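Okay, so here's the structure we're looking at.
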Amino acid sequence: MAVLVLAEHDLGTLSAATARIVAAAETLGPVDLLVAGQGVSSVAAEAAKLAGVEKVLVADSAALASLSPEAVAALLARLAEPYTHIVAAAAATGRDAIPRLAAKLDLMPVTDVVAIHGPTRFDRPIYAGNAIETVSSGQNKHLLTIRASAFRPAVTGNDAPIHPVEAGVAAVARFLAAHRTESDLPELSTAQIVVAGGVSFGSAEKFALVSELAKVLGAAVGATRAAVDAGYAPNDWQVGQTGKIIAPDLYIAIGISGALQHLAGIQGAKKIIAINKDPEAPLMKIADIALVGDLFEVVPQLIAGLKR
Amino acid sequence: MKILVAVKRVVDHAVRVRVRPDGSGVETENVRMSMNPFDKHAVEAAVQLGEAGHASEIVVVSIGPKQSNDVILTALAMGAHRGILIEADGRVETLAVAKLLRAVVAEEKPDLVLLGKQAVDDDSNQVGQMLAGLLSWPQATFASEIRVVGDGLEVTREVDYGRATIGVSLPAIVTADLRLNTPRNAALPMVMKARSKPLAVRPAAAFGIDLTPRLKLEKVSPPAERVAGHRVADAAELTAAVQSELSELEAL
Ligand SMILES: Cc1cc2nc3c(=O)[nH]c(=O)nc-3n(C[C@H](O)[C@H](O)[C@H](O)COP(=O)(O)OP(=O)(O)OC[C@H]3O[C@@H](n4cnc5c(N)ncnc54)[C@H](O)[C@@H]3O)c2cc1C
Ligand SMILES: Cc1cc2nc3c(=O)[nH]c(=O)nc-3n(C[C@H](O)[C@H](O)[C@H](O)COP(=O)(O)OP(=O)(O)OC[C@H]3O[C@@H](n4cnc5c(N)ncnc54)[C@H](O)[C@@H]3O)c2cc1C
Numbered sequence: 001m002a003v004l005v006l007a008e009h010d011l012g013t014l015s016a017a018t019a020r021i022v023a024a025a026e027t028l029g030p031v032d033l034l035v036a037g038q039g040v041s042s043v044a045a046e047a048a049k050l051a052g053v054e055k056v057l058v059a060d061s062a063a064l065a066s067l068s069p070e071a072v073a074a075l076l077a078r079l080a081e082p083y084t085h086i087v088a089a090a091a092a093t094g095r096d097a098i099p100r101l102a103a104k105l106d107l108m109p110v111t112d113v114v115a116i117h118g119p120t121r122f123d124r125p126i127y128a129g130n131a132i133e134t135v136s137s138g139q140n141k142h143l144l145t146i147r148a149s150a151f152r153p154a155v156t157g158n159d160a161p162i163h164p165v166e167a168g169v170a171a172v173a174r175f176l177a178a179h180r181t182e183s184d185l186p187e188l189s190t191a192q193i194v195v196a197g198g199v200s201f202g203s204a205e206k207f208a209l210v211s212e213l214a215k216v217l218g219a220a221v222g223a224t225r226a227a228v229d230a231g232y233a234p235n236d237w238q239v240g241q242t243g244k245i246i247a248p249d250l251y252i253a254i255g256i257s258g259a260l261q262h263l264a265g266i267q268g269a270k271k272i273i274a275i276n277k278d279p280e281a282p283l284m285k286i287a288d289i290a291l292v293g294d295l296f297e298v299v300p301q302l303i304a305g306l307k308r
Numbered sequence: 309m310k311i312l313v314a315v316k317r318v319v320d321h322a323v324r325v326r327v328r329p330d331g332s333g334v335e336t337e338n339v340r341m342s343m344n345p346f347d348k349h350a351v352e353a354a355v356q357l358g359e360a361g362h363a364s365e366i367v368v369v370s371i372g373p374k375q376s377n378d379v380i381l382t383a384l385a386m387g388a389h390r391g392i393l394i395e396a397d398g399r400v401e402t403l404a405v406a407k408l409l410r411a412v413v414a415e416e417k418p419d420l421v422l423l424g425k426q427a428v429d430d431d432s433n434q435v436g437q438m439l440a441g442l443l444s445w446p447q448a449t450f451a452s453e454i455r456v457v458g459d460g461l462e463v464t465r466e467v468d469y470g471r472a473t474i475g476v477s478l479p480a481i482v483t484a485d486l487r488l489n490t491p492r493n494a495a496l497p498m499v500m501k502a503r504s505k506p507l508a509v510r511p512a513a514a515f516g517i518d519l520t521p522r523l524k525l526e527k528v529s530p531p532a533e534r535v536a537g538h539r540v541a542d543a544a545e546l547t548a549a550v551q552s553e554l555s556e557l558e559a560l
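One line per chain: the protein sequences are A and B, in this order. At position 234 of the first sequence the residue is numbered 234 (the numbering used here), and the sequence of numbers has no breaks. At position 14 of the second sequence the residue is numbered 322 (the numbering used here), and the sequence of numbers has no breaks.
Next comes the structure, spelled out in structure tokens:
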């Protein structure tokens, strides 16, 4: 058994998800952590600190600058031979590259793994999390994407050796522009506390109440698809089946009905607090703590109360 | 250009599925089925490219049981020109779906293949990327905007940090996200007209592709149930409850 994990990183920092993927992958065998990109030495240094990493492989190349799936899959295909498992986070890079790699290697991947029962048996959610399937594989290699939020992070304190590897790939698509959501709030996918709002806020200006409460709590901000579609929140704040899947210790849902596609994103939340004027809203029925009330009255009072 | 769109018949997104008591899967008998929502956006994108004069022919293909006819007819009513139903009963894994689609691509020679970013039943989010890998074509997944620029495409994609715009040459694979467009509801005359559009039915077995599943489905289980907690009366009680949660988190 030997595992190759693809590190997730952005703007020169290792994503918090990677520590979780490493911890999950370590149960499968010794882990080599691949850092692919351009100018990624600081990422590699961070990666080397994660407990459980045997060595860090660094592929540094202009062709990998935008981590296009074509280049990442080609790189992984070249490095694949000695490994029994190739693992990535179920985030943008892994989602895009792992299935492409799988097809190239003629393998069936298992995506969105939420539990590992030994080296060849995995759980993954289907139907927006309304069912969990357990699959096993008799293939000689296993390609996985793992939901970071379902696993605890690896600790740091390691000092794994760093080995450069030849990138040997060419970029296919031209990267034209990044449209980044600027925010000084914690990263949504791995935040300990998340405050989320629905379309009921009625405007982007009023949706700022959610960010205000999040600031007081040191929380990340989430939104429903309806709120994103209406333009009140950026797309990378969407939580749910087709947005981000999160598992915070505390989830505060404000004016959110709790459609099954939204609930798919918060099944791992430990505690849910809901504020809604409709006591019958589905989310109110599964919340640990629920308040029936008008968000425009309740939220400012809550912010004021917490500041005190 | 010529566009191929892959559409899948799935349990309607509004249905809350039930896991069968014997753990063999979810109950799909007598539940409402419809076109995978993402695929509607893919069809709409193709039709809009046609209306803008960029697409000369739109072919839709679905792999599945006989009844998948329905979703092809929906796509034809939306404006696609021709349908192909590849009949397969039971489990067809994503890799086999991608291989069947590759065979269709070899016959039809489209310049662009549009798919949904994921199917809402198995939530795999794999087929588009796999087809791109099999064909060694560029891929632009999770698209929220498609623009024809010169003889290629500029595609804006929804990614973890927001959005990213890439340029791809044709032929290419694009998978649709929900904010790509608003799919039209076909008017009755279009629905009637769809029935007269060509629809070829072919058995999956005729493609000579090994469809044997690689993964063994051991069981399907329901997720852990959440039970209702308690209600608080007002903002003051809520503030106290939030504060006690915060001190519990700090204690950890
Ligand atoms: C294929 C597909 C994928 C999808 N993916 C996602 C996804 O990833 N994430 C997602 O979130 N959705 C997703 N959706 C959409 C989902 O079905 C719902 O439409 C959406 O989650 C509803 O958002 P909402 O709760 O903001 O709005 P609504 O359902 O309209 O609910 C608004 C709530 O606010 C309450 N309210 C109104 N005014 C006030 C007030 N003044 N004070 C307090 N409460 C108030 C109402 O009682 C109501 O409960 C998807 C849908 C489809 C078809
Ligand atoms: C272990 C296992 C057990 C399974 N058991 C069953 C079962 O008992 N019964 C059952 O019905 N299915 C079963 N399946 C599911 C079946 O194999 C899926 O149809 C297949 O995995 C495709 O997954 P997806 O639709 O989620 O793909 P995704 O990658 O999420 O789909 C993306 C896009 O690809 C296109 N696409 C996908 N499938 C088709 C298609 N058939 N025709 C045309 N376009 C398509 C669509 O554009 C779609 O939006 C099982 C799958 C696995 C892995």
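Quick reminder that beta carbons are idealized off the backbone N, C-alpha and C, glycines included. Every value quoted in this text rests on a predicted model; they were computed, and no experiment measured them.
Contacting residues, own chain, Cβ-Cβ under 6 Å from residue i (five flanking each side not counted)
i: L557 of chain B; result: none
i: L250 of chain A; result: I193 and K271
i: G333 of chain B; result: V528
i: I392 of chain B; result: V369 and A508
i: A264 of chain A; result: A128, G129, G240 and Q241
Any non-hydrogen atom of ligand 1 closer than 7 Å to residue i Cβ
i: G240 of chain A; result: yes
i: T224 of chain A; result: yes
i: G436 of chain B; result: no
i: S41 of chain A; result: no
i: V194 of chain A; result: no
i: S555 of chain B; result: no
i: G265 of chain A; result: yes
i: V428 of chain B; result: yes
i: S432 of chain B; result: no
i: S189 of chain A; result: no
i: G37 of chain A; result: no
i: P345 of chain B; result: yes
i: S200 of chain A; result: yes
i: H321 of chain B; result: yes
i: K285 of chain A; result: no
i: F207 of chain A; result: no
i: G118 of chain A; result: no
i: A296 of chain A; result: According to the sequence shown, residue 296 of chain A is Phe rather than Ala. Yes, Cβ of F296 of chain A sits closer than 7 Å to a heavy atom of ligand 1.
i: D278 of chain A; result: yes
i: L488 of chain B; result: no
i: Y243 of chain A; result: What sits at residue 243 of chain A in the sequence shown is Gly, not Tyr. Result yes, Cβ under 7 Å from ligand 1.
i: S257 of chain A; result: yes
Residue environment, residue i, which counts as buried when at least 16 other CB atoms sit within 10 Å
i: R308 of chain A; result: exposed
i: T449 of chain B; result: buried
i: K524 of chain B; result: exposed
i: K348 of chain B; result: buried
i: P329 of chain B; result: exposed
i: D542 of chain B; result: exposed
i: S149 of chain A; result: buried
i: D518 of chain B; result: exposed
Contact with chain A by residue i, beta-carbon distance below 8 Å
i: H538 of chain B; result: yes
i: K527 of chain B; result: yes
i: M438 of chain B; result: yes
i: K501 of chain B; result: no
i: L523 of chain B; result: yes
Within-8 Å CB hit, residue i to chain B
i: S136 of chain A; result: yes
i: Q301 of chain A; result: yes
i: R20 of chain A; result: no
i: V353 of chain A; result: No answer is possible for residue 353 of chain A: the residues shown for chain A start at 1 and end at 308.
i: F201 of chain A; result: no
i: N130 of chain A; result: yes
i: E70 of chain A; result: yes
Cβ shell of residue i (< 7 Å), same chain only, five flanking positions each side left out
i: R51 of chain A; result: For clarity, residue 51 of chain A is Ala in the given sequence; the question names Arg instead. Closer than 7 Å at the Cβ level, and outside the excluded window around A51 of chain A, lie A154, V155, T156, G157 and N158.
i: L291 of chain A; result: I275 and V298
i: V499 of chain B; result: A385
Nonlocal neighbours in the same chain, by C-beta distance under 8 Å from residue i, ignoring five residues either side
i: R510 of chain B; result: I392, L393, I394 and E395
i: T321 of chain A; result: Residue 321 of chain A is absent from the structure shown; chain A starts at 1 and stops at 308.
i: Y83 of chain A; result: A2, V3, L4, D32 and K141
When you compare the stretch 446-461 of chain B with the stretch 417-436 of chain B, are there three or more beta-carbon pairs, one atom per stretch, that lie closer than 8 Å? Yes, they touch.
Under 8 Å, with one C-beta from each stretch per pair, do the stretch 401-419 of chain B and the stretch 530-541 of chain B reach the 3-pair mark? Using a C-beta cut-off of 8 Å, the stretch 401-419 of chain B makes no contact with the stretch 530-541 of chain B, since fewer than three inter-stretch Cβ pairs fall below that distance.
The stretch 115-128 of chain A contacting the stretch 173-180 of chain A, beta-carbon criterion three pairs below 8 Å: Contact check between the stretch 115-128 of chain A and the stretch 173-180 of chain A: fewer than three CB pairs, one atom from each, fall below 8 Å, which does not count as touching.
Determine contact between the stretch 161-169 of chain A and the stretch 101-110 of chain A, defined as no fewer than three beta-carbon pairs at a distance below 8 Å. Look at the beta carbons and you see the stretch 161-169 of chain A not touching the stretch 101-110 of chain A: under three pairs across the two are nearer than 8 Å.
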